[in-house]
Amino acid sequence: MDLVDKCHFIAFSVQLSTLQKNNIFTMKFSSQVFAFFSTSVGLLTINFAISLPAKASITCEPGTIRNYSNGSLASCVLSQDMTLQVSSSKSGISNFPCKEQDYIFFDDKGQFQSCRLFQEIEIRQGNSVRICPAKYWVNFSISRDGDQSISCQP
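Here our numbering is used: the first residue of the sequence shown is 21, the next is one more, and so on.
Below, the structure is given as structure tokens:
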């Protein structure tokens, strides 16, 4: 190897070494950015999943819709059977099969309050289970601390 070849070899080695160091830096930096980004997106997703109110699509009979002064739905006559799902941090998930051609009621914050059932449901409180038959009215409320109250009447 003559002197020119040795100089090219040394220059190539220095460039390769610099590229490898830069590549390792780029990989570490990229990994850190990816970890930060994925953690941030995950936290935002959890935050939205917890904090956003539930949205529901309710089909009402024309001319039966009543709204509160704040614009939220107060009541309407359902044009089809629908199962409403309500979730509470303390009590879990409750399903209410609401009957078509009957009213459904909400409070001024858009929380479900009452409807007539198209099929029976089981109401569990502690160790007891009560049956609320089809065509009965079910009333639902949730306290500030997350406790559910479910009652049933003909």
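Yeah, the Cβ is synthetic: ideal placement off N, Cα and C, and Gly gets one too.
Asked, Found
"Neighbourhood of R150 by C-beta, 6 Å cutoff - its chain only, sequence neighbours within 5 removed", "I143"
"Length of the line joining the Cα atoms of P82 and G91", "17 Å"
"Chain-order list of residues whose beta-carbon lies under 7 Å from that of C152 (same chain, five-residue window excluded)", "L137, E140, I141, I143, V158 and C172"
"Contact under 8 Å by Cβ, G166 with K129", "no"
"Integer-rounded CB distance, given that L104 should sit under 8 Å from F132", "6 Å"
"Sequence-distant residues of the same chain with beta carbon closer than 6 Å to N67, five excluded per side", "Only weak support exists for where N67 lies, its pLDDT of 40 falling under 50; the value from the coordinates is given anyway. Within the same chain, N67 has no close Cβ partners at all."
"Bounding residues of the beta strand (DSSP E) (the contiguous stretch that carries G112)", "G112 to C118"
"With 16 other Cβ atoms within 10 Å as the buried cut-off, status of T79", "exposed"
"Residues near S99 by beta carbon distance below 7 Å, same chain, minus five either side", "T79, C80, E81 and E120"
"Cβ neighbour criterion (16 or more within 10 Å) applied to S114", "buried"
"Beta-carbon spacing of D127, C135 below 8 Å", "no"
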